[in-house]
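Q:
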Ligand SMILES: [Zn+2]
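Numbering (the working numbering), first residue to last: 420 to 732.
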C-alpha cells in the first residue's frame, strides 16, 4: 500500500489559524526540503494556553506568535524534540511569558557537540533544518504518560524515539488528537538522522500508535492526518518494503550504500541521494541490530561495507 501523502497544503506564514475548537496554528517562514511549508506552532486552549514547538529563531515568527498570544497567559511551553526547527524559539517565549518549558530532555549529544565546530559541508551531514538545538534544557522533564492541564484541555506525553531519541508526541484527549511532531507527518516520510535516529525505535513507536484511538494527527509540518491508523500502517509497510529491497541488493552483491542507492533511487533526483543514503544507513544499522547484516570494522557510517549474515560469503 502506498503511503497516502498529501502535499496539497498551502499556508500563509505568520497568520494564526483556528484549526479546531481547541487548537490554533501559526506556521513559521522556514519552508524547506525537510520542513515542507515551515514549522507549525500550535496553541492549545483559550485564556490559559499551552504552546507546542515554538519553532525556529526567526524574529517574524516569534513576533507573530506573541501577537497571537496577546491577552492570554501561556502556562506551558511543550517541545516535541530538540531539532533546530522546533525548540529554539522556546527561549524568547519563555523569557517574555515566564512559562516553564517542558520536554523529554536536552539534545542527546549536547554535551559532546557543543564544543565542536559544526560540520556543515560534510557529505551526509544533516541539512540545516535537521541540525540540533544543543542549548535547549527543559525546566520540567516529561516522560511517557506525564500530563499537563489547563482549562478544558489535557496534554499527555507519549515517548516516541526514532526520529531522535528525545521525541515526544502529545495527546489531546478532549479532541482525540495527537500532536505527532516529526514522528508521523502527512506530507513525507520521517528522516532518521544518524547517529541518533533509530529505525527499530521508530517502527516500534509507529506500531504503538496502532493501539490508540486518536482520530486526527496534527504534525509539525504539513496537513493533518485524518485516517491515522491506515496512514501509520502504510508507513510501516513502506519501511518494511525498503528493508526487503536493501537485503535483496546485498544478496545481489552490493556492499556499499552508494551502490544500493544508485539502484534503489535510480529514478530519484541525485540531489536527494545524500538524504537517501542516510535513510539506507538507518535501515542497515537496524539490520545489524537484528543480526541480519554485518559491517566491516569501525563505527557504522556511510562509508562502511555491508554483507548479509549467514549467506556464506
Ligand atoms: Zn526533527
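Quick reminder that beta carbons are idealized off the backbone N, C-alpha and C, glycines included. This structure is a prediction, so every number in the text was calculated from the model and none was measured.
#1: For the beta strand (DSSP E) holding residue 727, just list the boundary residues, first then last.
#2: Residue 443 and residue 462 - do their beta-carbons sit closer together than 8 Å?
#3: Since residue 605 and residue 583 should fall inside the 8 Å C-beta cutoff, what is the C-beta to C-beta distance between them, to a whole number of angstroms?
#4: Measuring straight from C-alpha to C-alpha, what distance separates residue 473 and residue 485?
#5: Here's a check: name, in chain order, each residue in its chain whose Cβ is nearer than 8 Å to the Cβ of residue 712, leaving out the five neighbours to either side.
#6: Is residue 477 helix, strand or coil by DSSP?
#7: Tell me whether residue 429 is buried or exposed, calling it buried when 16 or more other Cβ atoms sit within 10 Å of its Cβ.
#8: Could you give the residue range of the beta strand (DSSP E) that holds residue 442?
#9: Can you find the residues in the same chain that come closer than 7 Å, C-beta to C-beta, to residue 567, ignoring five residues on each side of it along the sequence?
#10: Considering only their Cβ atoms, is the gap separating residue 608 from residue 636 smaller than 8 Å?
#11: Using the beta-carbon count (16 or more within 10 Å), is residue 556 buried or exposed?
#12: Taking a contact to mean a Cβ-Cβ separation below 8 Å, would you say residue 645 touches residue 622 in this structure?
#13: So, at 7 Å on beta carbons, what are the nonlocal neighbours of residue 620 in its own chain, with the 5 sequence-adjacent residues on each side left out?
#14: Mind listing, in chain order, the continuous alpha helix (DSSP H) runs of no fewer than 4 residues lying wholly within the segment 613–698?
#15: Hey, could you find the ends of the alpha helix (DSSP H) residue 454 is sitting in?
#16: What's the C-alpha gap between residue 656 and residue 673?
#17: Residue 589 and residue 562: beta carbons closer than 8 Å?
#18: How many angstroms separate the CA atom of residue 516 from the CA atom of residue 509?
#19: In whole angstroms, give me the CA-to-CA distance for residue 425 and residue 642.
#20: Starting from residue 497, trace the beta strand (DSSP E) both ways and give me its first and last residue.
#21: Out of curiosity, what's the CA-to-CA distance linking residue 434 and residue 465?
#22: Would you kindly check if the distance between the Cβ of residue 651 and the Cβ of residue 610 is under 8 Å?
#23: Which residues mark the beginning and the end of the beta strand (DSSP E) in which residue 488 is found?
#24: Quick check: does the Cβ of residue 583 come within less than 7 Å of any heavy atom belonging to ligand 1?
#25: Tell me which residues share the same chain as residue 440 and place their Cβ nearer than 8 Å to its Cβ, disregarding the 5 neighbours each side in the sequence.
#26: Less than 8 Å between the CB atoms is what I'm expecting for residue 499 and residue 639, so what's the real figure, rounded?
#27: Just jot down, in chain order, the residues whose CB lies closer than 5 Å to any heavy atom of ligand 1.
#28: Taking residue 457 as the reference, which of 664, 601 and 572 has the closest Cα?
#29: So what does DSSP say about residue 611, is it helix, strand or coil?
#30: Per DSSP, what kind of secondary structure is residue 528 in: helix, strand or coil?
A: From the atom records:
#1: Looking at the DSSP string, the run of the beta strand (DSSP E) that includes residue 727 is 725–727.
#2: Yes, the Cβ-Cβ distance between residue 462 and residue 443 is below 8 Å.
#3: The beta carbons of residue 605 and residue 583 sit about 19 Å from each other, so the pair does not count as a contact at 8 Å.
#4: Going from the Cα of residue 473 to the Cα of residue 485 covers about 10 Å.
#5: Correct list, in chain order: 666, 669, 703, 706, 725, 726, 727 and 728.
#6: DSSP places residue 477 in the coil class of the three-state scheme, outside both helix and strand.
#7: Exposed is the call here.
#8: Run containing residue 442: 442–446, per the beta strand (DSSP E) assignment.
#9: Closer than 7 Å at the Cβ level, and outside the excluded window around residue 567, lie 469, 495, 521 and 574.
#10: In this structure, residue 608 does not lie closer than 8 Å to residue 636 by Cβ.
#11: Residue 556 is exposed by the Cβ-count criterion.
#12: The answer is no: Cβ separation not under 8 Å.
#13: Only 580 and 581 meet the Cβ criterion.
#14: For the segment 613–698, the continuous alpha helix (DSSP H) assignments of 4+ residues that do not extend past its boundaries occur at 618–628, 647–670 and 676–683, in sequence order.
#15: Per DSSP, residue 454 belongs to no alpha helix (DSSP H) and is neither H nor E.
#16: So the two alpha carbons sit approximately 23 Å from each other.
#17: No. Outside cutoff.
#18: One Cα belongs to residue 516, the other to residue 509, and the distance between them is close to 10 Å.
#19: Rounded to the nearest angstrom, the two C-alpha atoms are 7 Å apart.
#20: Here the beta strand (DSSP E) through residue 497 covers 492–497.
#21: Distance between the alpha carbons of residue 434 and residue 465: 17 Å.
#22: No, the Cβ-Cβ distance between residue 610 and residue 651 is not below 8 Å.
#23: Counting along the chain, residue 488 sits inside no beta strand (DSSP E), nor does DSSP assign it H or E at all.
#24: Yes, Cβ of residue 583 sits closer than 7 Å to a heavy atom of ligand 1.
#25: Same-chain partners within the cutoff: 594.
#26: By a beta-carbon distance limit of 8 Å, residue 499 contacts residue 639. Their separation comes to about 7 Å.
#27: Chain order is used for the residues whose beta-carbon lies nearer than 5 Å to a heavy atom of ligand 1, namely 502 and 601.
#28: When only C-alpha atoms are compared, the closest one is 601.
#29: In this structure, DSSP gives residue 611 a state outside helix and strand, which the three-state scheme calls coil.
#30: If DSSP states are grouped into helix, strand and coil, residue 528 belongs with coil.
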